[in-house]
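Peer 1: Heads up: the sequence shown is residues 1 to 231, going by full-length UniProt numbering.
Once you've had a glance at the structure underneath, I'll fire off some questions.
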Amino acid sequence: MTIGRTTLSQHVAQEIIGEIKLRGLRTGDEIPAEGELAERHGVNRLAVREAIRTLVARGVLVSSQGKRARVAVPAPAVLEQILDFRLSQNSMDLADLLDTRRVIEAELARRAAVRRAAGEGSMTEVDRALATMGHAVGEPEAFIAADLAFHQAVAELAASGLFSFILTAMNGILLDSRRASYHGRERRGAGQEATVDAHRRIADAIAGGDGNRAAEAMTAHLAETGHDLGL
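Pasting the structure below:
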């Protein structure tokens with residue numbers, strides 16, 4: 001059976017990924033030159049070139065003119081694109097995403113508190129984002145940016161790589177929902193000060209090293225977000 005050029009390049013792409021894993025290449029390490037890869041996999045350079053372009057687009061490799069491709073820093077952009085596409089195709093909705101946030105962020109808050117109880121990590125970024133939220137009440141875009149920074153800071157404090165990665169991938173596609181939540185709260189007459197207070201309860205529980213209270217505070221906050229969105 002003849003393998004089509006597209007299928008061949010995809011096959012080579014998978015082989016390159018396997019080689020990266022086998023050789024233990026890390027971020028910034030170069031992969032072999034196109035000619036070497038072509039000879040090793042029994043294909044022409046065009047198939048290798050297309051495979052590398054595919055991996056660059058997927059965020060696995062970075063490439064620049066005249067230099068060998070290198071292993072990229074893992075980025076959540078590809079996962080974000082997949083989630084955004086599924087959302088646009090109605091194969092999932094905001095309720096699904098919010099439910100995922102509840103599971104992930106409650107656990108991140110709990111882990112962040114556990115780390116603080118052990119004297120690990122710093123509250124600096126969490127506190128800075130919280131203070132910015134307080135100053136940005138009445139300024140929707142600045143408030144939303146500070147809200148996002150708060151949740152990201154909690155994720156980083158939790159030092160949970162995969163959870164943080166997934167959350168980052170969700171942040172972009174949830175930007176519109178954050179705006180809708182902000183204005184939904186305004187329509188409910190709850191005011192953004194209540195949102196700041198909800199975040200302060202999360203921060204206080206984390207700072208106090210109380211994992212269960214931190215998770216409960218995060219869950220309660222996201223439940224309110226659901227109400228703001230009409231979910």
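For glycine and all other residues, C-beta sits at the position ideal for the given N, C-alpha and C.
1) State the start and end residues of the unbroken alpha helix (DSSP H) segment that holds K204.
2) So which of R185, G121, A190 and Q192 has the shortest CA-CA distance to S160?
3) Classify I20 as helix, strand or coil using the three-state DSSP reduction.
4) Please work out which residues of its chain come closer than 7 Å, Cβ to Cβ, to S63, disregarding the five sequence neighbours upstream and downstream, and give them in chain order.
5) Determine the burial state of R26: buried for a count of at least 16 other Cβ atoms within 10 Å of its Cβ, exposed for fewer.
6) Among V154, R188 and S9, which has the Cα closest to the Cα of A205?
7) So F163 and E107 are in contact, right, with Cβ under 8 Å, and what is the actual spacing, rounded?
8) In whole angstroms, what separates the C-alpha of R213 from that of A112?
9) Could you give the C-beta distance for V60 and I104, rounded to a whole number, given that I count them as a contact under 8 Å?
10) Decide if G230 is buried, meaning its Cβ has at least 16 other Cβ atoms within 10 Å, or exposed.
11) With DSSP collapsed to three states, give me the class of L55.
12) For A146, which of E186, L130 and E156 has the nearest alpha-carbon?
13) Since I believe R110 is in contact with A215 (beta carbons under 8 Å), could you give me their beta-carbon distance rounded to a whole number of angstroms?
14) Of all the options A194, D99, D29 and V78, which has the alpha carbon lying nearest to the alpha carbon of M133?
15) How about R116 and G209: are their beta carbons less than 8 Å apart?
16) Reducing DSSP to helix, strand and coil, say where E120 ends up.
17) What would DSSP say about T2, mapped onto helix, strand or coil?
18) Just grab the DSSP bridge partners of L83 for me.
19) Roughly how many angstroms separate the alpha carbons of A13 and D99, rounded to a whole number?
Peer 2: Working from what's here:
1) First, the residue type needs correcting, since residue 204 is Asp and not Lys in the sequence shown. In the DSSP annotation of this structure, the continuous segment of the alpha helix (DSSP H) that includes D204 starts and ends at Q192 to A207.
2) G121
3) helix
4) I52, V56 and A69
5) exposed
6) V154
7) 7 Å
8) 11 Å
9) Not really, about 24 Å apart at Cβ, beyond 8 Å.
10) Looking at its Cβ environment, which holds fewer than 16 other Cβ atoms inside 10 Å, G230 is exposed.
11) helix
12) L130
13) 4 Å
14) For the residues A194, D99, D29 and V78, the minimum Cα distance to M133 belongs to A194.
15) yes
16) coil
17) Below a pLDDT of 50, predicted positions are generally treated as unreliable, and T2, at 44, falls in that range; the measurement from the model is reported next regardless. The answer is coil: DSSP assigns T2 none of H, G, I, E or B.
18) In the DSSP output, where bridge partners are listed per residue, L83 has none listed.
19) 34 Å
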